[in-house]
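For the sequence shown, position 238 (counting from the first letter as 1) is numbered 302 according to the working numbering, and the numbering increases by one without interruption.
Structure record follows, encoded as structure tokens.
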Amino acid sequence: MLIIYFLLNETSQICHHQTSAESIQLSCTPEQIDEVKKKILTQVEYYFGDKNLPNDKFLNEVRSKNPQGWVPLKMICKFKKMQVYKDYDLIIEALRESSNLLEVDEQGEHVRRKTLVMIDIPQHIKDSPIWRSIYVKGFNKDEIDSNYEKEVASFFSQYSKVEKAFARREDDNTYKDSFFIQFTTHEEAKKVSEMDISYKNVKLTMMMKFDYCEMKCIEKGLDPNTMRLQKQQITKKEKRRWIPGCLLHFEEAGPKSTYLSIRTQMQDHFGEVKYVQYDPKNSSGVIEFEHPIAHKIIESTSFKNLEFDGIRPNLRILTG
65 MLIIYFLLNE
75 TSQICHHQTS
85 AESIQLSCTP
95 EQIDEVKKKI
105 LTQVEYYFGD
115 KNLPNDKFLN
125 EVRSKNPQGW
135 VPLKMICKFK
145 KMQVYKDYDL
155 IIEALRESSN
165 LLEVDEQGEH
175 VRRKTLVMID
185 IPQHIKDSPI
195 WRSIYVKGFN
205 KDEIDSNYEK
215 EVASFFSQYS
225 KVEKAFARRE
235 DDNTYKDSFF
245 IQFTTHEEAK
255 KVSEMDISYK
265 NVKLTMMMKF
275 DYCEMKCIEK
285 GLDPNTMRLQ
295 KQQITKKEKR
305 RWIPGCLLHF
315 EEAGPKSTYL
325 SIRTQMQDHF
335 GEVKYVQYDP
345 KNSSGVIEFE
355 HPIAHKIIES
365 TSFKNLEFDG
375 IRPNLRILTG
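Below, the structure is given as structure tokens:
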């Protein structure tokens, strides 16, 4: 018969006492063992559940230290409500019975949550255009121009009122084969996204823009909650406070320079880039850094060797 060790105050209701000590040896029936396993599983699933995990800073910090999100099981066993359970093998056995939420590694040393932990979608996103927009794929990118955008907007107007239609572009400013279509409400956008629609005899692939952006974040290996963690955008009516030393204006970028190449190069050399505004027609733009380091960049040795597509740009600090 399986011998399990428990703390006195937690086990007197489950098994029959055999000895009396601070940690008591107890002999349990199969039914009692199953009951104990259920308690173990319920407790650990609570730790990793939707209600607790998003707000558990300590557990999330431990999870973040492992690329696969594994947490040492022995650490979990040290949690106050887990210290009552002394049979490590029984704990492993109980957690392996989790149907959807948890998994234990082959060695029985780590546990992790199987499914993604998604935070609630903030209200400012639900109030923004992305929440009432859809992603549509299946257009001939060689035909797309400003007039084509109007045609697409007009085409979708037969299904619901369209506010705007945006042709999507590559980093080099060429058109993609997809659009973002903005409607007046989330409900209307959702309804259209679920329709079976063809354009010029080509069946269109459609989904909500927010869902599409979340999907791309996951594909790129980013935090699945990246979109939900986006801060509220400042509207035109609000006055934005520029931090002195964070803005850098540039001119004379090389012809093959792109927003992404400039952002990546500046971030690799000088630190976290908050925003890049690039006008390829004029080969100029503005770079905003998270911290006021513009003066340090101008004075650094790396700045002297800085080139955008083989051409050294002219840089100057903006005051706001």
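Cβ coordinates follow ideal geometry from the N, Cα and C atoms, glycine included.
Next on the checklist: Can you confirm whether the region 376-383 touches the region 327-339 when touching is taken to mean that 3 or more C-beta pairs between the two stretches lie within less than 8 Å?
Outcome noted: no
Checklist entry - What are the start and end residues of each continuous alpha helix (DSSP H) run of 4 or more residues lying completely inside the region 107-177, in chain order? => result 121-128, 137-141 and 152-160
Item to check | Sequence-distant residues of the same chain with beta carbon closer than 6 Å to D373, five excluded per side | outcome: In the sequence shown, the residue the question calls residue 373 occupies position 309. Excluding residues within five positions, the ones whose Cβ falls inside 6 Å are G318, K320 and S321.
Next on the checklist: Run through the DSSP bridge pairs and tell me what F244 is partnered with.
Outcome noted: Numbered from 1 along the sequence shown, position 180 holds the residue referred to as residue 244. The partner list for F244 (beta bridge, DSSP) reads Y199 and F230.
Next on the checklist: Per DSSP, what are the beta-bridge partners of T383 in this structure?
Outcome noted: Along the sequence shown, one-based indexing puts residue 383 at 319. T383 pairs with nothing; no bridge assigned.
Checklist entry - Would DSSP call G374 helix, strand or coil? => result By one-based count along the sequence shown, residue 374 stands at place 310. The answer is coil: DSSP assigns G374 none of H, G, I, E or B.
Checklist entry - Hey, is the region 276-285 in contact with the region 210-218, meaning 3+ C-beta pairs nearer than 8 Å? => result no
Item to check | Residues bridged to Q341 (per DSSP) | outcome: Looking up residue 341 in the sequence shown gives position 277. Beta-bridge pairing links Q341 to V350.
Checklist entry - With DSSP run on the structure shown, which of helix, strand or coil describes M270? => result Locating residue 270 in the sequence shown gives position 206, counting from the first residue. M270 falls in the strand class under three-state DSSP.
Item to check | Terminal residues of the alpha helix (DSSP H) in which L324 lies | outcome: For the purposes of this step, residue 324 is taken as residue 260 along the sequence shown, with counting starting at 1. Y323 to F334 is the span of the alpha helix (DSSP H), which, as asked, contains L324.
Checklist entry - Contact check, F314 vs I351 under 8 Å by CB: the rounded distance? => result Locating residue 314 in the sequence shown gives position 250, where the first residue counts as 1. Locating residue 351 in the sequence shown gives position 287, where the first residue counts as 1. Confirmed, about 7 Å.
Checklist entry - Can you give the Cα-Cα distance for I307 and K360, rounded to whole angstroms? => result Within the sequence shown, residue 307 is the residue found at index 243, counting from 1. Within the sequence shown, residue 360 is the residue found at index 296, counting from 1. Their Cα atoms are separated by approximately 15 Å.
Checklist entry - Got a sec? Which residues, its chain only, sit under 6 Å from A229 by beta carbon, not counting five neighbours each side? => result For this step, residue 229 is matched to residue 165 along the sequence shown. So the qualifying residues of the chain are E213, V216, A217, F243 and I245.
Checklist entry - Beta carbon of K103: closer than 7 Å to some heavy atom of the ligand ATP? => result Ligands displayed in this structure: none; no statement on the ligand ATP is therefore possible.
Checklist entry - Taking just the CA atoms, how far does K240 sit from E234? => result As a working note, residue 234 is residue 170 in the sequence shown. As a working note, residue 240 is residue 176 in the sequence shown. Taking the straight line from one Cα to the other gives about 6 Å.
Next on the checklist: What would DSSP say about Y276, mapped onto helix, strand or coil?
Outcome noted: Within the sequence shown, residue 276 is the residue found at index 212, counting from 1. Residue state, collapsed to three classes: helix.
Next on the checklist: Determine whether the beta carbon atoms of M270 and Y199 lie at a separation below 8 Å.
Outcome noted: Sequence index remark: in the sequence shown, residue 270 carries index 206 (1-based). Sequence index remark: in the sequence shown, residue 199 carries index 135 (1-based). Cβ distance < 8 Å, so M270 and Y199 count as in contact.
Next on the checklist: The alpha helix (DSSP H) that contains E213, what's its start and end?
Outcome noted: Within the sequence shown, numbered from 1, the residue matching residue 213 stands at position 149. S210 to F220 is the extent of the alpha helix (DSSP H) around E213.
Checklist entry - Do you know how far the Cα of K138 is from the Cα of K178? => result Working through the sequence shown from its first residue, we reach residue 178 at position 114. Working through the sequence shown from its first residue, we reach residue 138 at position 74. One C-alpha to the other measures close to 19 Å.
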